[in-house]
Amino acid sequence: MSILSWDEFNRQHRGEYELTIDPADLRLGDFIVRIDAVDPEVRFPPAGVAVQSFEEKQWFRAQCRRIVIDLNRCLHRNSDELARAHSASIKMPPLPARINALRVAQMTPRGVVDAWRVYRETSLLAQSLMLSFHRHGRVDVEGTRDVVKQLAGAMEEYLVPLVWLTHIKEKSRYTYQHGLNVAILAAGFAHAAGWDRALVQNAAFSGLVFDLGKTRLSLKVMRKTGELDDREYEHVRQHARFGHELLIQNEGIPDAVAAAVRSHHERADGKGYPDTLQGNQVPILARLIGLIDAYDAITSERLHASARSHQQALGILWRERDRQFDKQLVESFSQFLGWAPPGTLVRLVNGDLAVVVHQRQESGRPMARKLRRVEDNFRLGIEVDLALQSSDTSGATRVAEVLADGSNGINMRELTRILPRALARSDRDGQPAARPSDAGSGLGRILRMGQNRERRRRERIDAPRGMRILVVDDSPTVRKTLDNMLVQTGYRVELAEDGESALEMAFISPPDLIFLDIVLPDSSGFSVLRRLRREPRTENVPVIMISGSAKAADDFFLQRVGADDFIHKPFGRFEVFSCIERLVRSGALPQRPGQKPTDVNAST
Numbered sequence: 006m007s008i009l010s011w012d013e014f015n016r017q018h019r020g021e022y023e024l025t026i027d028p029a030d031l032r033l034g035d036f037i038v039r040i041d042a043v044d045p046e047v048r049f050p051p052a053g054v055a056v057q058s059f060e061e062k063q064w065f066r067a068q069c070r071r072i073v074i075d076l077n078r079c080l081h082r083n084s085d086e087l088a089r090a091h092s093a094s095i096k097m098p099p100l101p102a103r104i105n106a107l108r109v110a111q112m113t114p115r116g117v118v119d120a121w122r123v124y125r126e127t128s129l130l131a132q133s134l135m136l137s138f139h140r141h142g143r144v145d146v147e148g149t150r151d152v153v154k155q156l157a158g159a160m161e162e163y164l165v166p167l168v169w170l171t172h173i174k175e176k177s178r179y180t181y182q183h184g185l186n187v188a189i190l191a192a193g194f195a196h197a198a199g200w201d202r203a204l205v206q207n208a209a210f211s212g213l214v215f216d217l218g219k220t221r222l223s224l225k226v227m228r229k230t231g232e233l234d235d236r237e238y239e240h241v242r243q244h245a246r247f248g249h250e251l252l253i254q255n256e257g258i259p260d261a262v263a264a265a266v267r268s269h270h271e272r273a274d275g276k277g278y279p280d281t282l283q284g285n286q287v288p289i290l291a292r293l294i295g296l297i298d299a300y301d302a303i304t305s306e307r308l309h310a311s312a313r314s315h316q317q318a319l320g321i322l323w324r325e326r327d328r329q330f331d332k333q334l335v336e337s338f339s340q341f342l343g344w345a346p347p348g349t350l351v352r353l354v355n356g357d358l359a360v361v362v363h364q365r366q367e368s369g370r371p372m373a374r375k376l377r378r379v380e381d382n383f384r385l386g387i388e389v390d391l392a393l394q395s396s397d398t399s400g401a402t403r404v405a406e407v408l409a410d411g412s413n414g415i416n417m418r419e420l421t422r423i424l425p426r427a428l429a430r431s432d433r434d435g436q437p438a439a440r441p442s443d444a445g446s447g448l449g450r451i452l453r454m455g456q457n458r459e460r461r462r463r464e465r466i467d468a469p470r471g472m473r474i475l476v477v478d479d480s481p482t483v484r485k486t487l488d489n490m491l492v493q494t495g496y497r498v499e500l501a502e503d504g505e506s507a508l509e510m511a512f513i514s515p516p517d518l519i520f521l522d523i524v525l526p527d528s529s530g531f532s533v534l535r536r537l538r539r540e541p542r543t544e545n546v547p548v549i550m551i552s553g554s555a556k557a558a559d560d561f562f563l564q565r566v567g568a569d570d571f572i573h574k575p576f577g578r579f580e581v582f583s584c585i586e587r588l589v590r591s592g593a594l595p596q597r598p599g600q601k602p603t604d605v606n607a608s609t
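What follows is the structure in structure tokens.
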């Protein structure tokens, strides 16, 4: 399926609700506004045509290369899926009187290391989903199912460190980190509430994909820092419909997930969009995702808003219960997190900064680590009981305030790296400390990327032997590393050390896949990529961007320049071959003969 981006729509002066599709994806009831006919003599009615019969659908499939439909005038693309959303609006699963999961579990060195592995793999998937959806309108359904099963299963042992990890927030990475955080918190809440495993997995799945429709919106509008005008606001509101429309064309998407994507901006009072559902008409997962979407957005630094604290966010949700949000869910979600969940930053009355780690198991009181500044970084100090810090003998508050994530230059990613070692040194309550070998050094390697080998849960899927891959990087070490990895797996590799050499090689004989460094000696990888996309011979060649520069990676996710995937340096075999596998599963690359067939979402 080939779908143009919103930016390209705007450049070509196309209508606001139009979508370019492959003829094989045409449905009865679609309203066609333009066609790219095989026969240039075909005359298409300027007013457009509604597809009303099977014969008409078959004619367009046979006679057209591409078709442009108007989503706003398509008959079934609203009614059918609205009915599906209603069918997903089953009775709310029971919510316990108390949700104590975060108050009875502890943070351990081994738990942080293992939770990071789950977080990292889910993060890679979130990035891949965003890129693939923007470029192809596809998602790797089987790969996503595997990851959400792992995430749901991890909640039993690693709920506390996973909630901590949702406090890693970087403004330039907000697009994919937001979905990642919503997936973790939604799955964590569903698990803590005792919902069945299938619902926990669907909550995680919904969190990862609910906002993918925004990748189809105008980048100019999405990056606007000022107030949106009415037309821009209406444009942004379309992301729920566009995300849903594209998502359901991927075979295997659960109905409950599709309904959550379409309806996550519906509101309890009926003032949401796109279908103005209200109350129990709104699917359960849509209610949950909509609530957590708002919570994570409020607590995150965004282009148009500063981050607020955990307590401020809960206060906003509480005031909007029964208006914007489901009253039961707001109350239960607030109880689930409590007043200071793991990863919350606080300032004590003496000015000291601290970060909540977990709660004391026997009393349920929040325990925090004091933070001390060492040069430009913070280090974890002694553990303090925040309940004992809550007031002095005069009754005055000693916890001065709960801070927003990232306040005072505190880097939660760096704190996560050193957390296992700090926990391992602790001999709290007379318990023996964990061995350092189980703690910080292991996580340090994982956080630096590429040193850990994840255990595969399924046989790897490869592209065909002999496939030509062009590696473009100015580092001899990177070129040699990729060359060795890829040749050993049966691929043919060509090497280029700068952008101009790469373009010359690609234009003369287009490769099947390109690994492209973002930082090159003669030009940026972005510039090379744009030239590749403008050239008909290379416009559809899959490109995997690689870089060790955090700034370059940030720019990549902001610019969405048309690559198919991205890996950070340093990387290992897992990252490289996971990228290739995702491209195979998305249909961008063919599959190696003799391997088990994949769930490739190709048109039939």
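Counting in my numbering, the sequence shown runs without a single skipped number right up to 609 at its last residue. Glycine included, C-beta positions come from ideal geometry on N, C-alpha and C.
Item                                                                                                                                                                                     : Value
Thinking C-beta only, is Leu-156 closer than 9 Å to Gly-184?                                                                                                                             : no
Using a Cβ-Cβ cut-off of 6 Å (strictly less than) and excluding sequence neighbours within five positions of Leu-170, which residues of its own chain qualify?                           : Tyr-124
Compute the Euclidean distance between the alpha carbons of Pro-469 and Phe-531, then round it to the nearest angstrom.                                                                  : 28 Å
With a CB to CB cut of under 7 Å and the five nearest residues on each side skipped, what residues in its chain are close to Ala-131?                                                    : Tyr-181, Gly-184, Leu-185 and Leu-213
Taking the alpha-carbon of Arg-497 as reference, which of Leu-487, Asp-570 and Thr-482 has the nearest alpha-carbon?                                                                     : Leu-487
From Gly-592 to Arg-115, what distance separates their C-alpha atoms?                                                                                                                    : 38 Å
Give the single residue among Asp-503, His-309, Met-550 and Asp-331 whose Cα lies nearest to the Cα of Ile-297.                                                                          : Asp-331
Going straight from the alpha carbon of Ile-549 to that of Arg-108, what length do you get?                                                                                              : 42 Å
Which stretch, first to last residue, makes up the beta strand (DSSP E) that contains Met-372?                                                                                           : 371-379
Provide the residue span of the beta strand (DSSP E) that contains Met-550, from first to last.                                                                                          : 548-552
For Gln-436, which residues from the same chain have a beta carbon less than 8 Å from its beta carbon, with the 5 sequence-adjacent residues on both sides left out?                     : Low local confidence applies: a pLDDT of 43 at Gln-436 is under 50, so the model's placement there is unreliable, with the coordinate-based value given in what follows. Excluding sequence neighbours, Gln-436 sits near nothing in its chain.
Measuring alpha carbon to alpha carbon, tell me which of Ser-177, Glu-250 and His-249 ends up nearest Ser-305.                                                                           : Ser-177
Expressed to the nearest angstrom, what Euclidean distance is found between the alpha-carbon atoms of Leu-525 and Arg-539?                                                               : 20 Å
Pick helix, strand or coil for Ala-310, following the three-state DSSP scheme.                                                                                                           : strand
Kindly indicate the opening and closing residues of the alpha helix (DSSP H) around Asp-301.                                                                                             : 289-303
Could you check if Glu-23 is buried or exposed, using at least 16 other CB atoms within 10 Å of its CB as the buried criterion?                                                          : buried
So, helix, strand or coil for Arg-433, using DSSP?                                                                                                                                       : For Arg-433, the predicted structure reports a pLDDT of 46, less than 50, and the residue's modelled location is therefore unreliable. The matter cannot be settled from this model.
According to DSSP, is Ile-104 helix, strand or coil?                                                                                                                                     : coil
From the DSSP output, in three-state form, read off Thr-281 for me.                                                                                                                      : coil
Ordered along the chain, which non-local residues of its own chain (more than five positions away) have a Cβ less than 8 Å from that of Arg-71?                                          : Ser-7, Thr-25, Ile-26, Asp-27, Pro-28, Ile-40 and Asp-41
Report, in whole angstroms, the separation of the C-beta atoms of Ile-74 and Phe-36, which I expect to be a contact under 8 Å.                                                           : 6 Å
Roughly how many angstroms lie between the CA atoms of Gly-51 and Leu-518, to the nearest whole one?                                                                                     : Correcting the residue type first, residue 51 is Pro in the shown sequence and not Gly. Taking the straight line from one Cα to the other gives about 40 Å.
Give me the residue from Ser-528, Val-477 and Pro-98 with the minimum Cα distance to Ser-337.                                                                                            : Pro-98
Report back the beta-carbon spacing between Leu-500 and Val-476 to the nearest angstrom; my notes put them in contact at under 8 Å.                                                      : 5 Å
Under a three-way DSSP split, which group does Gln-364 fall into?                                                                                                                        : strand
Under 9 Å, do Gly-257 and Val-146 count as touching if we go by C-beta distance?                                                                                                         : yes
Under 8 Å by Cβ, that's how I've got Ala-264 and Ala-291 pegged, so tell me the actual separation to the nearest angstrom.                                                               : 6 Å
If I'm right that Ile-474 touches Gln-600 with Cβ under 8 Å, what's the distance once you round it to whole angstroms?                                                                   : Actually they are not in contact, since the Cβ atoms of Ile-474 and Gln-600 sit about 18 Å apart, beyond 8 Å.
For the stretch 315-341, which segments carrying the alpha helix (DSSP H) assignment without a break, of at least 4 residues, lie completely within its bounds, in sequence order?       : 315-324
Comparing alpha-carbon positions, which option in Arg-374, Gly-411 and Gly-471 lies nearest Arg-426?                                                                                     : Arg-374
Apart from the five residues just before and just after Tyr-300, which ones in its own chain have a Cβ nearer than 7 Å to its Cβ?                                                        : Ala-318 and Leu-322
Roughly how far, in whole angstroms, is the beta-carbon of Phe-341 from the beta-carbon of Ile-104, given that I think they are within contact range, below 8 Å?                         : 5 Å
According to DSSP, simplified to helix, strand and coil, what is Arg-66?                                                                                                                 : helix
Reducing DSSP to helix, strand and coil, say where Thr-25 ends up.                                                                                                                       : strand
Grouping DSSP H, G and I as helix and E and B as strand, with all else coil, what is Asp-357?                                                                                            : coil
Please work out which residues of its chain come closer than 6 Å, Cβ to Cβ, to Gln-329, disregarding the five sequence neighbours upstream and downstream, and give them in chain order. : Arg-272
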